[in-house]
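Our numbering puts the sequence shown at residues 39 to 740. Encoded as structure tokens, the structure appears first; notes follow it.
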Amino acid sequence: MNAPKARVEPVIDTYFGVTVEDPYRWMEDWEGEEAMAWLRAQAQHARSALEALPRRRELLERIGQLHGDTPALSGLAMAGDRTFYLRQDPEASVAALVVRDSPDGPERVLLDPPTLPGDTHSAIDWLVPSPDGARVACGVSQGGSEASVLHVIEADTGAILDDRIPGVHFAFVSWLDDCRSFVYHRYREAPEGTPPAEARSDSRSRLHRLGEDPDGDVVVLERGLTDLVPMTSRDRPFISFPPGGDWMLALVSHGALANNTNERLSPCTFYVAPRRALADPASCPWRRVAGVDDGVLAFALAGDRLYLVSRLDAPRYQVVEVSLATDPPTRRVVVPESELVIEAVLAFGDDLLIRDLDRGVGRVRRLRLADGRVDELTLPVDGGILEWTAHAERPLALLTVASWTDPPRVLRLQGDDGAAPGTVADSGWVPPSEVDFGEVVSRALEVPARDGTMIPLSVLHRKGLRLDGDNPTLLTGYGSYGLIYDPSFAPEMLAWYERGGVYAVAHVRGGGELGAEWHAAGTGLRKETTITDFIDCAEYLVREGWTRPERLAGEGGSAGGIPTGGALVRRPDLWAAMVMQVPVTNAVRAEESPNGPINAPEFGSVSTEDGLRSLLIIDSFLRVRDGVAYPAVLLTAGMNDPRVAVWMPAKMAARLQAATTSGAPVLLRVEERGGHGFGGTRAQHDELLADILAFLLDRFGL
């Protein structure tokens, strides 16, 4: 079947003497009549092609079976005697908000999103309980948009209060000690006609008191409110009130954040002030305690001591204690850099927990602040620490751990006053998985890159696999923001392994697997290494007999579109197929999208010559050439995507469809009621995976 053709109307731009031609600029008005009609025609074309694949139906059925009876838990948070989290049962479309009134007590559902009104599905994006556990704030969005509406729920009854605050994407909610008020971050409502690049400018943090009209919430931090906290229109101000102290913390984010927590924050500037000063925000005596040069990755506040995970003079990070009781604040290193990569810290009673990465394996240490002793904690799984949280008032923590072949467990860490580091026990909240991974093995390999650097490569497959060069292989990678591809358990991928499939994860430069230097080696003008590392891992898999180009596919999502798109246009002969999910493809134009400006520190900006050169490295759309035999390509896009504008994969699909001479399909799979992947339903995720695997098997001739 022929894909719907796209009109060509070239627009030529010149940056610093470099001429760039864009044949599909008109698609950036993607909500216009012409672009929307084309997107829907592409969606129908892709749907017809994918549903016609011979293995799709059986794959979809098998993927559904592999969810078993095991629920998925996330968003763990403790407050008072209660624990809150999101629980998604195998048969549930999305996760529900639940609470346990005691560690061994039963669960109670506080909010089940399918019960909410709306013209599409709702999902819970985040949750933050009040310090006493009496209430919980949560963000609910529709259709995977992540455009959260903030709700407050009474934990005793499940009653939803009348307080309703829209537009709180990246809410960064922090409750005050009175448990009846909180500070939250909110974007302004952009006037009609505002350019997309300015839609999220000049955001602010505001104070809300329960029962009051949110329209009257006091602005407590924004650009221009105080000279002590300078900001640009792009910066985002967040305020944190760690329970039980006299201080509040302001974080000014100068770039993209990975999540809604206090982890993966860089680049940020940090300020502190007494909590009582919140009464007069314009006169608040903010003091700067850390800047962008400190490279703060995560933080914890305990009393009048602030703990920062910093890369300053420590590429694998160190923990710095900042005493707020002195003016100016004094600093000392309490956990020096080592071979371990320090990822995060948590206040744990009178001590500190340190989360480490040891060559891909998550570790935890306990620092006794009284005497400086460091204890190693023994975890039952050598894998990844998917999330963790600690109680604000007690030496109690929860950790979710898993490996490539071990399902997640929620562990309870109870501190003690003796010589032991603490007791780690399985909470029992997640029953054993029914999915048998006994025949699946994972291997940690190292691949020599073209410059001699050894690239970690994780490979999963069934036991007894022969390295005969004939195995269907899917290679994935990311390599941006210093994010780490932690080992995680994906039971639905057994549908791939059962069919002889190999799954490989290339831990390319630009990620954070080996610390700040690993990240820096794949940023800016060095971003080519993210792409070439991915190519070198693919060539290794071919060279060592794992597979051959006719049985090899690449895959990546979001910023993972950089290594996949880059490898596609540089080495089209190396792949039978490429899967690019909500991918960054047209980076030179990214700043013209709502989420683009905050990514400039990571990827570059057309406002500087070096920034332009960096963007040209990762812009795969501009590197597509007419008359090249490109492999089969499956691109996905979400109409409600707040992170990667839908026109990026759309333009890439149109360009590849017009340019390729191979006859292999280029499909644009569009979710009209989906976004970046977060907040999707179980059915949406299952159907996407079935489409991908069936597409690959078809292209491999299997």
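Think of the CB as a built atom: it goes at the ideal place given N, C-alpha and C, for glycine as much as any other residue. A quick note: this is a predicted structure, and the numbers were derived from the prediction, not measured.
Bridge partners - residue i, DSSP secondary structure assignment
i    : result
C217 : DSSP lists no partner for C217.
M618 : G594 and L673
Y225 : Paired residue(s): none; Y225 is not in a bridge.
F122 : A115 and V137
M286 : A311
G422 : A440
Q356 : S348
I198 : I191
L276 : The residue asked about is misnamed: residue 276 is Phe in this sequence, not Leu. L289.
A605 : In the DSSP output, where bridge partners are listed per residue, A605 has none listed.
8 Å contact criterion, which residue i and residue j should meet: CB distance rounded
i    : j    : result
R432 : L415 : About 17 Å separates the two Cβ atoms, so there is no contact after all.
A614 : R589 : 6 Å
V620 : G715 : 7 Å
L148 : V137 : 6 Å
V626 : V682 : Contact flag wrong, Cβ pair sits at about 14 Å.
L266 : P529 : So it is not a contact: roughly 51 Å between Cβ atoms.
P109 : D127 : 5 Å
F308 : V221 : The pair is not a contact, with the Cβ atoms about 16 Å apart (cut-off 8 Å).
S652 : L563 : 6 Å
M74  : K689 : In fact, because the Cβ distance is near 15 Å, the residues do not count as touching under 8 Å.
G634 : A235 : 6 Å
H207 : F276 : Actually they do not touch by this definition, with Cβ atoms about 13 Å apart.
Where residue i sits in the DSSP three-state scheme
i    : result
D679 : coil
D67  : coil
L407 : coil
C575 : helix
H557 : helix
F733 : helix
Y535 : helix
E230 : coil
M39  : coil
D724 : helix
R314 : helix
G400 : strand
W685 : helix
E96  : helix
H714 : coil
P470 : coil
W613 : coil
S179 : strand
R370 : strand
F54  : coil
T153 : helix
W164 : strand
V190 : strand
T646 : coil
M74  : helix
I569 : helix
H246 : strand
R325 : strand
8 Å Cβ cutoff, residue i in contact with chain B
i    : result
G538 : The displayed structure is made up of one protein chain only, and chain B is not part of it.
Cβ neighbours of residue i in the same chain (closer than 6 Å, five flanking residues each side left out)
i    : result
D332 : S348 and L350
V360 : V327, L344, P367 and R369
Y225 : G205, R238 and S241
C322 : A311 and A315
L384 : A338, L391 and A428
S219 : R247
R94  : A728 and A732
S168 : W213 and C217
Residues near residue i in its chain [Cβ-Cβ closer than 7 Å; skip 5 each side]
i    : result
L405 : V372, V373, D389, L390, I392 and V412
V399 : D420 and G421
G181 : T158, H159, N678, R711, G712 and G713
I655 : K565 and E566
E640 : G293, A294, S518, Y519 and T561
Close-in-space but distant-in-sequence residues of the same chain around residue i (CB under 8 Å, 5 per side omitted)
i    : result
G283 : R313, L339, A340, G341 and D342
P470 : T108 and P445
D365 : R325
E477 : R500, K501 and Y535
Exercise for review: Could you tell me whether the segment 570 to 581 touches the segment 531 to 550, using the rule of 3 or more Cβ pairs below 8 Å?
Suggested key: Contact holds between the segment 570 to 581 and the segment 531 to 550, because three or more Cβ pairs, one in each stretch, are under 8 Å apart.
Point to revise | Segment contact, 8 Å Cβ cut-off, at least three pairs: the segment 151 to 159 with the segment 118 to 132 | key: When C-beta atoms of the segment 151 to 159 are compared with those of the segment 118 to 132, three or more pairs fall below 8 Å, so the two segments count as touching.
Practice item. Could you say if the segment 692 to 702 and the segment 727 to 735 meet the contact criterion of at least three C-beta pairs nearer than 8 Å? Key: no
Review point. Do the segment 577 to 592 and the segment 496 to 514 meet, that is, are 3 or more Cβ pairs less than 8 Å apart?
Key: With contact defined as three or more Cβ pairs closer than 8 Å, the segment 577 to 592 and the segment 496 to 514 are in contact.
Exercise for review: Examine the Cβ distances between the segment 668 to 675 and the segment 700 to 708 and report whether three or more of them are shorter than 8 Å.
Suggested key: yes
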